[in-house]
Each structure stands twice: as structure tokens, then as C-alpha cells.
Amino acid sequence: MSANPLRVLAIANQKGGVGKTTTAINLGTALAACGERVLLIDADPQGNCSTGLGIGRTARRTTLYDVLMGESPVVDAAVKTELPGLDVIPADADLSGIEIELGQTARRSYRLRDALETIRANGPYTYVLIDCPPSLNVLTVNAMTAADAVFVPLQCEFFALEGLTQLMRTIERVRGSLNPRLEIQGVVLTMYDRRNSLSEQVASDVRAHFGDKVYDAVIPRNVRVSEAPSFGKPVLLYDLKCAGSQAYLKLAREVISRERDRQAQAA
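UniProt numbering puts the first residue of the sequence shown at 1, with every later residue one more than the last.
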């Protein structure tokens, strides 16, 4: 096993508004706060992950677009954030044209995977988190082809499981044709409201379906989590003591613990 086993996770759900970007930002921050070295890749042309980490538009001189087009290596595109141990490769609107620009280019689905090979063996990171767009396009396919596993945020609302079925089909398709090692890392329940019986019902259904793939940590609906991006901060830097921050720290510890168990079993 490598002295620095890198774990690449695609944070994905084809349903919008489930907390993907919020989870990418705050799980990445919490992992870094726990001592991991984290690279966040903003793979959504909207660039919300970059904005939520305080990377303004003018600071995005090199972006994921440059990496996918072969114009910049990963380490040169990474921008340091306010938190030591957490870097981000930002995104901007240029990414929205990547599908057309790559066209029928050879290995178009492997662009991100090939770029990350340079940091797999002895790079500066222990985790790479890829914030995927909500649609199935060349960016999502690149993320899943590059990833070891998919990390699924799932909101505790009525249509949650319906969107998950679509995601599972996509994962199977990528596994069958591009990345046979792709697996489900885990499912995290987001926007949980304990006053709402529907939240409890959805949580129960998801746990019945996915068993121990569902993390014990649950991310509650929390106004501080919603406010933090407008200040360009992860919630842990905005309000460490709020329920949302504590939930993401618990999730990060659980991710690290499960990852250690997985590595021990593979050894």
C-alpha cells in the first residue's frame, strides 16, 4: 500500500438541491480540521463550491477547465483556502463548454483521471473530493471515472429515493464501461428535520435499502449552514458551535474511521 493512500470521492446526486456543494465544502473543511490533506475539485460550471470557499471570480486564474484541456497540472491549478490543509481547484463558466470542446477527443472521459494520476502515488493530498454538477454530462462522467467511490448526499424529502434510482443506474453504467472499481462510499442524509415525520420516514427507508452504507451522522436543516456561503466561508469557520458544524465534524470522523477499516481489510 502507498505511504500516502489517496482516496478520490465523487460527491454526486443527479437530483439538484440535495446539498452536494454544501457537503463538498463542509466535509472537505471538516476532514482538513481533523488533520487530513484535502483537495476539493469544483466540477460545476456555476462555481458555487469555489464561491463558498471564498475564492472570488478574479482569483480563479487557473480552473478545472485548464486541467481538463491539458493546459495545467493539478498541483498548479490548486488554490489554497483559509483553512490549512484544504485546497480547491476552482470552476467558472468556461467549464460549461467543455463537452463541445472535447468533442470526440481520445480518452475524453478519462481526462480528470489521467490528471489525478500525477498525485496518486506521492502527492500532497489524502482525499480528493469532486463536487459534481446535478446533470449527467461529460463532467460527471469524468468525475466518476476518476473516483474510487461515489459519496451520495441525500435530502430527507419525498422525491429523494426516486433521484437515487437514477444515480445508481449511472454508477452501474460507468462501472460497466469506464471504471470497474467504482463503488458507493456511503450515503449521508441531509436537510434532516426531526420535527418532520417525513424526514424520519425517508431516513428509515434509506437505511433499510442501503444498510451500513448510510452514515450514522445526519446533517440537520440549519440556518447557519445556509448563511455561511454568502460570507465565502465553510460553516465550520463561520460558526463552529452550531448544529451543522458539529454534524459535519461527526461525519468527517466517521469517514476517516471507515476508511481506516477499509484500508486495514485491504492490507
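Backbone N, C-alpha and C fix where the C-beta goes; we use that ideal spot for every residue, glycine too.
Can you give the Cα-Cα distance for Ser-230 and Ser-204, rounded to whole angstroms?
33 Å
Quick one: measure Cβ to Cβ for Leu-182 and Ile-171, integer angstroms, because I've assumed they're closer than 8 Å.
6 Å
Environment of Lys-80 [buried if 16+ CB atoms lie within 10 Å]
exposed
Can you list, in chain order, the residues of its chain with a C-beta nearer than 6 Å to that of Tyr-127? Leave out the 5 residues immediately preceding and following it.
Arg-7, Leu-31, Glu-36 and Val-38
Looking at C-alpha atoms only, which residue of Leu-9, Gly-16, Ala-10 and Pro-5 is the closest neighbour of Phe-159?
Gly-16
Do three or more CB pairs link the stretch 184-198 to the stretch 218-226 at distances below 8 Å?
yes
Cut-off 8 Å between Cβ atoms - residues of its own chain near Val-209, not counting five sequence neighbours on either side:
Looking at the sequence itself, residue 209 is His, so the reference to Val does not match. Same-chain partners within the cutoff: Leu-161.
Taking the alpha carbon of Glu-117 as the reference point, which residue from Glu-157, Val-150, Val-74 and Thr-51 has its own alpha carbon closest?
Val-74
Nearest residue (CA-CA) to Ala-247, options Glu-101, Glu-99, Ala-217 and Glu-200
Ala-217
Of the residues Lys-213, Ile-98 and Ala-243, which one's Cα is nearest the Cα of Ser-226?
Ala-243
Element boundaries [beta strand (DSSP E), containing Ile-55]
No beta strand (DSSP E) holds Ile-55; DSSP gives it neither H nor E.
Per DSSP, cross-strand counterpart(s) of Gln-155
Thr-190
Assign Ile-100 to one of two classes, buried (16 or more other C-beta atoms within 10 Å of its C-beta) or exposed (fewer than that).
exposed
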